[in-house]
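Engineer: A single structure is presented below for examination.
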Amino acid sequence: MAAVRRKHRAACHSCGWRQQLIKDRMRGESFQRWAARNMDNSLFASLLDIVQVILGVLVTLLYFQKNWSAWDTSIDDPVLRIIHAVYGTLFLLDYLLRLYAADNMETYVFSPLAMIELVSIPSQFVDVVFSEAQNRDNYILFGAMKCLRPFRCLRCFRLLSFAKTARMRETGMLFFAVLAIIICFGAVQQAMEACFCNDLPGLDPSNCSIVDRNTTGHCQDMEIYNAMYFVVITIATLGYGDIAPKSTYGRIIVIILIIASTVLLPLQISTLSDVLNRDTEYDKAYTARREQSPHVLICGEVTSGALDFFLRQFLHPNNLNWKDKVVILCPSLPSHNLKRVLLNAAYEQRVMYLQGSAMLDADLKRASAATARLCFVLTNQQARDADRSDTSSNFLTISLRRFNKHLPIFVQVLKTDNIRHVHLSGANNIVCLDQLKLGILARSCVLPGVSAFVCSILFAFRPFRGVERSHVWASDFLRGCSNDIYDVRVPLFLDGLVSFAFLAYVLFQEFGIVPIGMGHNEEYRLFPAKTRVRCDYKVYILSTSPDCSRRVDAISLSLLQKYQTMLDNFDEISRAWNKHSFSSKLATRVQRSSRRLLTRTTHRQSLVHSSFYSIKSNGRGSEADSEASHKSSIVVPCTTETDVPSATRDESTTHDATEPFISTASQPTSFLPLPKVVEGDDESPEKSLLPSQLNPAKRLPPLHVASPLPVPEESSAAQAAPEAVNGRSNSQLSLDYLSFLTTHVPDDLRDHILLCGMPNMLHDFVAPLRQPSRPQKKFAPVVPIVVLSATPISEKQHASIAHFKHVYFLHGSPLHLSVLTAARAAKSKSVVILSSTNDDDCDDEPDLVDENMIDTDALTLYRFVTEFCETNHHPDMPLPRILIVLNRPSSLRFVKDEHNKEPADEETIEILRQHKRQVLSRSDDPLDSICTPIFASGKVFFPNALDALLGTCDKNGSVIDLMYLFILGEPPRGDEAGRCLDQITIPPTLWGRPYGACFESLLLHHNILCLGLYRPQAKQNSYVYVNPSADVFVTPKDILFVLR
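Take 1 as the starting number for the sequence shown in the UniProt record's numbering and just add one per residue.
Written out as structure tokens, the structure reads:
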């Protein structure tokens, strides 16, 4: 039985090999068709081609060896005769097999290559078939037949069947054509020019030496290499004249050579040129090694504006990533504006554009996605169908994650509804463009200058190095723009010994650095004042210098001695300082520097961890798969006022002494101090940890699109009805929708917010306006919102805001006077103009020819609304604050504002130019027109700032999560409200004092962190000043940007 099994396995093994070599014959298939199918496409046919090519090359080499010095007509050796006969037999069998398998035998016989192969076969049997006497008598005829043996080199054309691309095939065709012409015509030319033997008695005419030949006639004995050299200079039209044909037959061969090369080679060159023209520079592949040139991958809908701002941020000198390359993988050819970005001198050497799809593994291999350091999936912010655009991003994420399970992927989406889908597909972090954009615009309606403040942080500028403080407002504004977000770590000897508030005080006093948040593993917090800072925590700071990390590392005990009175545990800090010797500190610093500058992995660790205020993926699959692949981060959207518990607390625990001087108050009252932040050594180890470490299992639920909770200002009956709202049927929602559409804007409405345009998710604009701006017992009055759009509001959009009160919708074009009058635009507090306010359902509208005119609709509406408000506003009421969204910074010069005017004197204009040249990294910077009053005052927002946000991920990957918390606010933690960006007026006791005194007083006595100033001017330019110098004097009109 064992022998039978072995025989069976051997039979199966041989059968498997036979099936791989030759395809099985199908039922009803003739033998001739079966042979033809195998000769066209089978492993046997491929091996046969390779064998024939090898044999043809061997025959050619044997001919060269015999005729190397001169044309030799002698008879071959017996062994060589047999070899040639064997080769000829194999050539004949191959010819007959292909003739039999040909679909049309007549066509195959008269094809040029088949005819040459057939003619060259008899030359292999000349010495075997004919006797030596016959060879001597007909040595010229048989010698001429042997000249056809090098023609077997034409078998090399069969190698073209292995070419995978048209470029390889046509290149090989041209190469083999030139090689065949040189070899074949060189052999023939040598034979035609050869001299015959002298007619001497006893001399064999078929086998005589060169000295015995008659060289007096029109002949010459040429070496085979000289004959091929003559062919090369002839077809190259060089004609050196050192070699020329002497015989008549030789000249005839030259004529044929010139005709053949003139016809065949240009045709093949033209074909190859057509193929090469089809393959552009965008069909190449990125092949640089990761160690020498690390790269990041960009795919998705790449527009010129998004790419320009991303590259400006990612390749900015402040990021210190001078070795990184950027590879762009896009399915279409670059547009004209996109080519201008790619050919920019600042990007040209570091950016490579590839045409291809991230859905195909072949294109991902071309882009070296397997070795990419980061991957960014961009989306088109002007897409008409947001769901379709997000679906494309979702599938691209799936494809990238399947191709590389460890690649950090950052994805842009348009709608908050699609965040979870992309999250489940494998994205490490997601930027919802509309959520952040509308959140910034909503906060700008109640907090003036927020958009300019955020853009100043996100856009990277060179440090402003003014020798003397200029009286021009732009000097302060550009000094603030020089601040970027960096991450640092405290020295090792301060591990767990100082609070975040004390660290913020020291860093500001010594270096002008402002810490704004802290992160560790999966946790991020804004200004955790009482939390003890550990050495493995990342502290996120605002600084004008990329060298801020070295400055923080250089904090010493001698520096802290100046603040000894503020530290109750200074003795413990001294012991920790003495414990860490100079050598250990030096080793630690070297280790940190090498890790930061060489491996560059510190930021990637923070990219793949989720944030403190985040949600884990549910339903992704098994836990093993989730841990093996990656970790994801999605920041929970801002908490609405309906999420705050309505239960009352003791007055002593809810009192906020900063309430009298908040920006929304009409008149500031007396300033009441808050309890001082105490630092002590009796703090338990648990208190030094971040809150989520105490209970890591506790996570916040995701924010629903339509929250069922009512607004806190409503009656107690409305507050007690969340279950009833949540349990409403579809019919009830439809009735509410119809009632909402028929509700008119009240005639006495004033101090409201007017939104011109319909965003993808209206909830993202309304929810931040219903968020409590600060922890307090009583809520501020709800600001009414009027949505004015030519696009009807959908039932789904209404369902997302149905629980919010005082929201009205007006259907119509804002370019009509009657519609603006009905919306009470002149009596509004703020007007927000989105970049696209037209009907998005018009699919027949052609695409924009000039991308620079994308803001024409918004600019036209801005001018119209501005003129309407100036004409119809009440004299006793201030003009509405008009905010506009522009896609291109170059459109700023078309925005007309009461303060947005060019200075009259040439001296001021020249000062502005010098200031801009200091902070801009190049002359054609896209933010060249950013130094304008209307932008500095926060009345214009560029959505491309969110593309720049992705560009900071290399420098600080956690900045996405940090910006979510910064813009939308932290969710509450138990009874403690989360911190958020806010504004307060200057306390009366600090009027006219330096900003440093204001920073110190609010930080140490009131647990409030100052970030900058908003300087409103009645008759001059209002502007934002981020992180001012300590010696800047504040005025009663200034407003502070704070975290509290």
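Positions of the beta carbon are idealized from the N, C-alpha and C atoms, including for glycine.
Taking the alpha-carbon of Thr262 as reference, which of Asp387, Ile243, Tyr87, Val231 has the nearest alpha-carbon?
Structural biologist: Nearest in C-alpha terms to Thr262, of all of Asp387, Ile243, Tyr87, Val231, is Val231.
Engineer: Does the count of Cβ pairs from the region 434–446 and the region 872–891 closer than 8 Å reach three?
Structural biologist: yes
Engineer: Can Ala460 and His336 be called in contact, C-beta distance under 8 Å?
Structural biologist: no
Engineer: How long is the line joining the alpha carbons of Ser543 and Leu949, rounded to whole angstroms?
Structural biologist: The straight-line gap from Cα to Cα measures roughly 17 Å.
Engineer: Runs of 3 residues minimum, wholly inside the region 478–539: which ones carry the beta strand (DSSP E) assignment?
Structural biologist: 484–488, 514–520, 523–526
Engineer: Assuming Ile785 is part of the beta strand (DSSP E), what are its boundary residues?
Structural biologist: 785–789
Engineer: Does the separation of the CB atoms of Leu965 and Tyr524 fall below 8 Å?
Structural biologist: yes
Engineer: Which runs of the alpha helix (DSSP H) at least 4 residues long sit entirely within the region 110–173? Give them in chain order.
Structural biologist: 112–120, 126–129, 132–137, 139–146
Engineer: My output table needs one value for Glu627: the three-state DSSP class, helix, strand or coil.
Structural biologist: Unreliable placement is indicated for Glu627, whose pLDDT of 39 sits below 50; no coordinate value is reported for it.
Engineer: For Pro701, which residues in the same chain have their Cβ closer than 7 Å to its Cβ, ignoring the five residues on either side in sequence?
Structural biologist: Note that Pro701 scores 35 on pLDDT, short of 50, meaning its location in the model is unreliable; the coordinates nonetheless yield the value given after this. Counting only Cβ-Cβ distances below 7 Å, and skipping sequence neighbours, we find nothing.
Engineer: Going by C-alpha distance, which of Leu494, Leu741, Ala70, Tyr225 is nearest Gly812?
Structural biologist: Leu741
Engineer: To the nearest angstrom, report how far apart Asp347 and Asp324 are at their CA atoms.
Structural biologist: Residue identity differs from the one stated: residue 347 is Tyr in this sequence, not Asp. Between Tyr347 and Asp324, the alpha-carbon positions lie close to 11 Å from each other.
Engineer: So what does DSSP say about Gly300, is it helix, strand or coil?
Structural biologist: strand
Engineer: Measuring CA to CA, which of Val126, Ala369, Arg149, Leu80 is closest to Val57?
Structural biologist: Arg149
Engineer: Determine whether the beta carbon atoms of Phe309 and Pro926 lie at a separation below 8 Å.
Structural biologist: Yes, the Cβ-Cβ distance between Phe309 and Pro926 is below 8 Å.
Engineer: Can you tell me the Cα-Cα spacing of Gly426 and Ser393, whole angstroms?
Structural biologist: 11 Å
Engineer: Using a threshold of 8 Å, state whether the C-beta atoms of Ile793 and Leu769 are closer than that.
Structural biologist: no
Engineer: In angstroms, rounded to a whole number, what distance separates the CA positions of Cys219 and Asn226?
Structural biologist: 15 Å
Engineer: Can you list, in chain order, the residues of its chain with a C-beta nearer than 8 Å to that of Tyr1025? Leave out the 5 residues immediately preceding and following it.
Structural biologist: Asp476, Phe477, Arg479, Gly480, Gly1012, Leu1013, Tyr1014, Arg1015, Val1032
Engineer: At a threshold of 7 Å, does Ile409 count as lining the ligand ADP (C-beta to nearest heavy atom)?
Structural biologist: Among the ligands in the structure shown, none appear at all, so the ligand ADP cannot be discussed.
Engineer: If you count every other CB in all the chains shown that lies within 10 Å of the CB of Asn277, and 16 or more means buried, which is it?
Structural biologist: A residue is called buried when at least 16 other Cβ atoms come within 10 angstroms of its Cβ; Asn277 does not meet this threshold and is exposed.
Engineer: Three-state secondary structure (DSSP) at Asp49?
Structural biologist: Here Asp49 sits in helix by DSSP.
Engineer: Run the CB neighbour count on Ser622, radius 10 Å, all protein chains shown included, and call it buried at 16 or more, exposed below.
Structural biologist: Because the pLDDT at Ser622 is just 35, under 50, the model does not fix this residue reliably, and the point stays unresolved.
Engineer: Rounded to whole angstroms, how far is the Cβ of Met352 from the Cβ of Tyr286, which I believe are closer than 8 Å?
Structural biologist: 6 Å
Engineer: Roughly how many angstroms separate the alpha carbons of Phe64 and Ala180, rounded to a whole number?
Structural biologist: 14 Å
Engineer: Taking only the alpha-carbon atoms, compute the straight-line gap between Leu43 and Leu93 and give it to the nearest angstrom.
Structural biologist: 18 Å
Engineer: Quick test of your reading: Arg863 and Lys829, contact by CB under 8 Å. State the CB separation rounded to the nearest angstrom.
Structural biologist: Approximately 20 Å separates the beta-carbon atoms of Arg863 and Lys829; this is outside 8 Å, ruling out the contact.
Engineer: Between Gln435 and the rest of its own chain, which residues show a CB-CB distance below 6 Å, the 5 nearest in sequence each way excluded?
Structural biologist: Thr416, Asp764
Engineer: Give me, in chain order, the residues of the same chain whose beta-carbon lies closer than 8 Å to that of Cys548; leave out the 5 immediate sequence neighbours on both sides.
Structural biologist: Tyr486, Val488, Phe511, Ile513, Ile541
Engineer: Does the Cβ of Pro853 have 16 or more other Cβ atoms within 10 Å, making it buried, or fewer, making it exposed?
Structural biologist: Looking at the sequence shown, residue 853 is not Pro but Met. Burial call: exposed.
Engineer: Does the structure place the region 993–1001 close enough to the region 967–981 that three or more beta carbon pairs sit under 8 Å?
Structural biologist: no
Engineer: Under 7 Å Cβ to Cβ from Arg158, same chain only, skipping five residues before and after it: list those, please.
Structural biologist: Asp49, Gln52, Val53
Engineer: Closer than 8 Å is the cut-off here; do at least three beta carbon pairs connect the region 816–825 with the region 743–751?
Structural biologist: yes
Engineer: Apart from the five residues on each side of it in sequence, which residues of its chain come closer than 7 Å, Cβ to Cβ, to Arg37?
Structural biologist: Lys23
Engineer: Is it right to say His406 is buried, meaning 16 or more other beta carbons lie within 10 angstroms of its own, or is it exposed?
Structural biologist: exposed
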